[in-house]
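Student:
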Amino acid sequence: LFSSAVWRTGTSLSQRKIGNQFPVQQVFGSQTVKLNELYLSLAAWEEGILIKAGRLDAGNDFLASPLYSRYVNNGFNGNPVAVFFNVPFTAYPNSTWGAYLFCRPYQYLSMKYAAFNANSDVLKAKYHGVNFTFQSTNGVLWITEWCALVNQEQGASGMPGHYKVGYYYMTGDEPKFTGGKQRGDQCLYFLFDQMIVRQGGSLSTRGLTSFISLLLAPKNRNLFPFYFDAGLQYRGLFPGRPDDYLSLGYIYGKYSSTQARVQRSEGKEAENFETVWELSYWAQINQWFYITPDLQYIVHPRGLHIPNAFVIAAQIGFDIW
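Taking our numbering, the leading residue of the sequence shown gets 557, the next gets one more, and so forth.
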């Protein structure tokens, strides 16, 4: 049995000052006390199998990479953020009922399958994570993700990589930008990362890793039918700092052209795209404390004629157990 809770407080710089779509601080959202995950798990690691059932965060197991957590902007940190604007996908501090299966039949291949309750109402802050209803106005979110693991078998000396392909389908009726509803929604996504420079011996984790993420969804009912991000991350760049990370990232989110046509027909300004550049340095001070100085440049906030924004920030974290 596993359980976790989250307590968030504070305000959003994106909401108060910038007006952009992709929050510049990943720690903002559901500013209250919430029960997060609560589930039972069964593992048979010798057979490469893990099963979980209960209140789950989809974002812990899908559309995820440890590389993303070194950034501060919410477009990177956690999951490629477009998915949250398109469907009721869950990530901390929000969970929903779900069942999850992981299997690794070969050292070079892993597969994941899951089904989640797609009711967005249960995520509201007023419920504090304890609205356990099974009712859903959005149906079920079915998702699978397959990963080719490169140079990660025992004794491998090459530089490691992950090449993931995923697909989700949400049942239920989704509202269209042009009016009315359409049955179901879907997305095809790709997450690739590959170490390209290694510093040290064949087993060293120090070096430069590149990554890209790409999400593709129908434009008639998804706010972001096209979303792309890419980055470079260097672990242990400086001598004596093996657990520090220097990260550069780029985000491009294209708003739905169908929605843009509707906005123009109503005499409104049409949303086009938003871009983010981020440069951060994760400094691991000791085993329980880190600080991340961070620079961000927001281009075309919310796809509108809002002035571009330059952000100077820092994030700190403590591991207390």
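Glycine included, C-beta positions come from ideal geometry on N, C-alpha and C. Only a predicted model underlies this, so the values are computations on that prediction, with no experimental measurement involved.
1) Alpha carbons only, please: which of Gly-604, Ile-868, Gly-796 is nearest the one belonging to Ala-839?
2) With 16 as the cutoff for other CB atoms within 10 Å, does Trp-653 come out buried or exposed?
3) Which one of Gln-843, Asp-850, Ile-854, Ala-869 has the shortest CA to CA distance from Ile-876?
4) Taking Cβ positions, are Ser-597 and Phe-658 nearer each other than 8 angstroms?
5) Is the beta carbon of Asn-811 less than 8 angstroms from the beta carbon of Gly-735?
6) Since Gly-695 and Gly-728 are thought to touch, with beta carbons under 8 angstroms apart, how far apart are those beta carbons, to the nearest angstrom?
7) Taking the continuous alpha helix (DSSP H) assigned at Arg-611, which residues delimit it?
8) Given 8 angstroms as the limit, is there contact between the region 582 to 594 and the region 757 to 769, that is, 3 or more CB pairs closer than that?
9) My output table needs one value for Asp-799: the three-state DSSP class, helix, strand or coil.
10) Exposed or buried, Asn-630, counting other C-beta atoms within 10 Å across all chains shown (16 or more means buried)?
11) Quick one: residues in its chain with C-beta nearer than 8 angstroms to the C-beta of Ala-647, no 5 flanking neighbours on either side, listed in chain order?
12) Could you check the C-alpha separation between Tyr-837 and Ala-712 for me, to the nearest Å?
13) Which of the three DSSP states is assigned to Gln-738 in this structure?
14) Would you call Thr-565 buried or exposed, if buried means 16 or more other Cβ atoms sit within 10 Å of its Cβ?
15) Roughly how many angstroms separate the alpha carbons of Ile-881 and Ile-854, rounded to a whole number?
16) Could you round the C-beta distance between Ile-752 and Leu-764 to whole angstroms and report it? I think they count as a contact, below 8 angstroms.
17) Under 8 angstroms by Cβ, that's how I've got Val-832 and Gln-852 pegged, so tell me the actual separation to the nearest angstrom.
18) Identify whether Leu-557 lies in helix, strand or coil by the three-state DSSP scheme.
19) What beta strand (DSSP E) runs, 3 residues minimum, are completely inside the region 798 to 869?
20) Nearest CA to the CA of Gly-610: which residue from Glu-830, Tyr-669, Pro-579, Asn-673?
21) Among the residues of its own chain, which have a CB less than 7 angstroms from the CB of Phe-733, if the five just before and after it don't count?
22) Among Phe-866, Leu-779, Ala-826, which one has its Cα closest to the Cα of Val-580?
23) Excluding the five sequence neighbours on either side, which residues of its own chain have a C-beta within less than 7 angstroms of the C-beta of Ser-586, listed in chain order?
24) Could you tell me how far apart the beta carbons of Tyr-656 and Ile-605 are, in whole angstroms, since I believe they sit closer than 8 angstroms?
25) At which residues does the alpha helix (DSSP H) containing Ala-638 begin and terminate?
26) Comparing C-alpha positions only, which one of Pro-774, Gln-582, Trp-702, Leu-619 sits nearest to Tyr-664?
27) Any idea what DSSP makes of Ser-651, helix, strand or coil?
28) Would you mind stating whether Tyr-719 and Gln-742 have Cβ atoms separated by less than 8 angstroms?
29) Are the Cβ atoms of Phe-780 and Ala-638 separated by less than 8 angstroms?
30) I'd like to check one pair, Val-628 with Glu-834: are the Cβ atoms closer than 8 angstroms?
Tutor: This is what the structure holds:
1) Gly-796
2) buried
3) Gln-843
4) no
5) According to the sequence as given, residue 811 is Tyr; it is not Asn. No, these two residues do not count as a Cβ contact at 8 angstroms.
6) 3 angstroms
7) Where Arg-611 is concerned, there is no enclosing alpha helix (DSSP H), although the beta strand (DSSP E) it sits in stretches over 605 to 612.
8) no
9) coil
10) buried
11) Asp-613, Ala-614, Gly-615, Asn-616, Gly-634, Asn-635, Phe-640
12) 29 angstroms
13) strand
14) exposed
15) The shown model of the chain, from 557 to 877, leaves out residue 881, and the question about it has no answer.
16) 6 angstroms
17) 6 angstroms
18) coil
19) 801 to 810, 829 to 842, 845 to 855
20) Asn-673
21) Asn-776, Arg-777, Ser-812, Thr-814, Gln-815, Val-818
22) Phe-866
23) Arg-564, Pro-649, Asn-650, Ala-681
24) At roughly 11 angstroms, the Cβ-Cβ gap does not stay under 8 angstroms, so Tyr-656 and Ile-605 are not in contact.
25) 638 to 642
26) Trp-702
27) coil
28) no
29) yes
30) yes
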